Each structure stands twice: as C-alpha cells, then as structure tokens.
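Asker: Please read through the structure below; I'll follow up with questions.
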Amino acid sequence: GNSVTQMEGPVTLSEEAFLTINCTYTATGYPSLFWYVQYPGEGLQLLLKATKADDKGSNKGFEATYRKETTSFHLEKGSVQVSDSAVYFCALIPFNYGQNFVFGPGTRLSVLP
Amino acid sequence: DSGVTQTPKHLITATGQRVTLRCSPRSGDLSVYWYQQSLDQGLQFLIQYYNGEERAKGNILERFSAQQFPDLHSELNLSSLELGDSALYFCASSPLAGGLYEQFFGPGTRLTVL
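Heads up: the sequence lines are chains S and W, in that order.
Residue numbers are given in this note's numbering: position 93 of the first sequence equals residue 587, and the series is strictly consecutive.
Residue numbers are given in this note's numbering: position 114 of the second sequence equals residue 173, and the series is strictly consecutive.
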C-alpha cells in the first residue's frame, strides 16, 4: 500500500538554525509529493510540491527534492525563524487518478528566539 | 484565510449522540474533502465529493455519512458517537476532482465526545 514516514518530533531549534525534516514514502508507481504546514489553531496549508523525480519544490525559503532512488522528499530550510513554528506534514498522492492524499504523521517544529 | 469555512468551531457532545458538521468550500471550487485528525490516527482522509456526487471514499466509518448540496456546501454527519470519535475534522476544497490540484483547508471543527 501507500504510506508516508516522517521523522518523529518534536524538533526544537534556535532561530537561524538549519532545518531538515526527513520524509520517505512507499507507493506504487510514481506519486506526487507534498509538504503541508499547520500553524497553531489553523488548517493545513500547502507549502510546496513536486510531481516527478528530481523536481525541487520551494516556497518561503523551504525546499524539498523528489528523490525516486531513495523514495524521499526531505524538507530543508537554511535559517529558521520563530514564525516557522508549526506542524509539518509530508504527503503523497498515488499515481492513479482519483486517489487522495496519504499523509505522514506530522512533525512538530518549535523555533526558539 | 483559505476561503473555506467550517462551522461550528467547537462541538461538545455525549456518547451515542449525532452531530452535523458543515463546510462551505472556496468560491468556485467543486470538490470537497473531509479529513479526521486525531492524536492516535494522525490525519486521515474520510470522503470526497465532486459537484454533488461522491467521488472517493477513505477510512470513513459506517456511522459517518456526508453529502454535498446543490450550492456545493457539504455536511458530515456523525452518529452513535463514541469517545474515540473525538478529533479535529477538517474540510478542504479544490477546483476540480483530480488529486493533483491543491486542496485548501478550512480551520477545522473540534469535536469532543464525553
């Protein structure tokens, strides 16, 4: 079946530190990959996505590269801010049309000033 | 603000009861999705409607049902509630039915079953 695994949180960093949140997936075919972010008290927002191998998604200083050979889509940011504190979800949509998101368990990030 | 609205924001009820959660999608979006977010199960897809018709089903219990009305708003009905149904319920919408379109999430309804 299709599944997404993320590194366990919570992750606590100081402001301006480098961030990596690992995400690996299992899927049949070639899924599309996404990172969603959930700020406290809010719904999920799309952060970035990649639809084929070697694509790099980027937004707001965050980046992730679709690595088919390692079935990974790790999220990175060079310098985090306090405002980046949130829960980050890695997700995939399987290859077959009409199937819906499979989300990872989420990783809580806390950035301290 | 995603443009997706959900009511109520909070709901507290007792076991065995029935509740209805409401979702209004973004203007122009034809597809509505329902998700359940709980501490032990994470974020799970429940069901999708497209232009009034059921499009896809996920891990939705038989005690739960949903519908999408002609004005495109959607309701999720939860009956014979159990303690384990306590969770955040999110609605999302997208322009079309295909999964590759970005889904815009509402702020959620927090259901507490006592």
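Cβ coordinates follow ideal geometry from the N, Cα and C atoms, glycine included.
No experiment lies behind these values; they were computed from the predicted model shown.
To the nearest angstrom, report how far apart S/Lys562 and W/Ser138 are at their CA atoms.
Answerer: Position 68 of the first sequence, counted from the start, is the residue given in the question as residue 562 of chain S. Position 79 of the second sequence, counted from the start, is the residue given in the question as residue 138 of chain W. Approximately 43 Å between the Cα atoms of the pair.
Asker: For S/Asp578, count the other beta carbons within 10 Å of its own beta carbon; 16 or more makes it buried, fewer makes it exposed. Which is it?
Answerer: Counting from one through the first sequence, the residue named residue 578 of chain S turns up at place 84. Looking at its Cβ environment, which holds 16 or more other Cβ atoms inside 10 Å, S/Asp578 is buried.
Asker: Would you mind stating whether W/Gly75 and W/Leu120 have Cβ atoms separated by less than 8 Å?
Answerer: Walking along the second sequence from the start, residue 75 of chain W turns up at place 16. Walking along the second sequence from the start, residue 120 of chain W turns up at place 61. No.
Asker: Residues in its own chain within less than 6 Å of S/Thr520 by CB, not counting five upstream and five downstream?
Answerer: Taking the first residue of the first sequence as 1, we reach residue 520 of chain S at position 26. For S/Thr520, where only same-chain residues beyond five positions count, the Cβ hits under 6 Å are Ser497.
Asker: Any beta carbon of chain W sitting closer than 8 Å to that of S/Pro599?
Answerer: Along the first sequence, one-based indexing puts residue 599 of chain S at 105. So yes, S/Pro599 belongs to the interface.
Asker: Figure out for me which residue from S/Phe595, S/Pro588, S/Glu502, S/Trp529 has the closest Cα to the Cα of S/Thr522.
Answerer: Numbered from 1 along the first sequence, position 28 holds the residue referred to as residue 522 of chain S. Among S/Phe595, S/Pro588, S/Glu502, S/Trp529, the Cα nearest to that of S/Thr522 is on S/Pro588.
Asker: Which residues share a DSSP beta bridge with W/Tyr92?
Answerer: Locating residue 92 of chain W in the second sequence gives position 33, where the first residue counts as 1. Looking at the DSSP assignment, W/Tyr92 forms a beta bridge with W/Gln107, W/Ala151.
Asker: Please state whether DSSP places W/Ser139 in a helix, a strand or coil.
Answerer: Position 80 of the second sequence, counted from the start, is the residue given in the question as residue 139 of chain W. Note: W/Ser139 maps to coil in three-state DSSP.
Asker: Go through its chain and collect everything with a Cβ distance to W/Arg77's Cβ below 8 Å, but skip five positions before and after it.
Answerer: Locating residue 77 of chain W in the second sequence gives position 18, where the first residue counts as 1. Here the set comprises Asn136, Leu137, Ser138, Ser139, Leu140.
Asker: Could you name the residues of the region 94-113 of chain W whose beta carbon sits closer than 7 Å to any beta carbon of chain S, in the order they occur along the chain?
Answerer: So the list reads Gly101, Leu102, Phe104, Gln107, given in the order they occur along the chain.
Asker: Considering only the beta carbon of each residue, do W/Tyr148 and W/Gln100 sit closer than 8 Å?
Answerer: If you number the second sequence from 1, residue 148 of chain W lands on position 89. If you number the second sequence from 1, residue 100 of chain W lands on position 41. No. Outside cutoff.
Asker: Excluding the 5 residues flanking S/Gln539 on each side, which residues of the same chain have their C-beta closer than 8 Å to its C-beta?
Answerer: The residue given as residue 539 of chain S occupies position 45 in the first sequence. Only Tyr530, Val531, Gln532, Tyr533 meet the Cβ criterion.
Asker: Quick check: what's the CA-CA separation for S/Tyr524 versus S/Gly598?
Answerer: Position 30 of the first sequence, counting from 1, holds the residue named residue 524 of chain S. Position 104 of the first sequence, counting from 1, holds the residue named residue 598 of chain S. The straight-line gap from Cα to Cα measures roughly 17 Å.
Asker: Over what stretch of residues does the beta strand (DSSP E) that includes S/Gly551 continue unbroken?
Answerer: Looking up residue 551 of chain S in the first sequence gives position 57. Per DSSP, S/Gly551 belongs to the beta strand (DSSP E) from 550-553.
Asker: Smallest Cα separation from S/Thr518: which of S/Leu606, S/Pro607, S/Gly600?
Answerer: Mapped onto the first sequence, residue 518 of chain S falls at position 24. For the residues S/Leu606, S/Pro607, S/Gly600, the minimum Cα distance to S/Thr518 belongs to S/Gly600.
Asker: Going along chain S, which residues have a C-beta under 9 Å from W/Ser185?
Answerer: A question about residue 185 of chain W goes unanswered here, because the residues of chain W that appear run from 60 up to 173.
Asker: Which residue wins for smallest C-alpha separation from W/Tyr160, given the options W/Ser90, W/Val63, W/Pro84?
Answerer: Within the second sequence, residue 160 of chain W is the residue found at index 101, counting from 1. Minimum Cα distance to W/Tyr160 is reached at W/Ser90.
Asker: Quick one: is W/Ser61 near chain S, going by C-beta distance under 8 Å?
Answerer: In the second sequence, residue 61 of chain W corresponds to position 2, counting from 1. Yes, because at least one Cβ of chain S sits closer than 8 Å to the Cβ of W/Ser61.
Asker: Between W/Val172, W/Leu105, W/Leu142, which lies nearest to W/Ser124 when the distance is taken from Cα to Cα?
Answerer: As a working note, residue 124 of chain W is residue 65 in the second sequence. Per the Cα distances, W/Leu105.
Asker: At a Cβ threshold of 8 Å, is S/Phe595 touching chain W?
Answerer: Counting from 1 along the first sequence, the entry for residue 595 of chain S is found at position 101. Taking Cβ atoms only, chain W reaches closer than 8 Å to S/Phe595, which makes this a yes.
Asker: By the three-class DSSP mapping on this structure, what secondary structure does S/Ser566 have?
Answerer: Your numbering for residue 566 of chain S matches position 72 in the first sequence. Strand.
Asker: DSSP state of S/Val576, grouped into three classes?
Answerer: Translated into the one-based positions of the first sequence, residue 576 of chain S becomes position 82. Three-state DSSP puts S/Val576 in a helix.
Asker: Compute the Euclidean distance between the alpha carbons of S/Leu507 and S/Leu542, then round it to the nearest angstrom.
Answerer: On the first sequence, position 13 is the one that residue 507 of chain S refers to. On the first sequence, position 48 is the one that residue 542 of chain S refers to. The alpha-carbon atoms of S/Leu507 and S/Leu542 are separated by roughly 21 Å.
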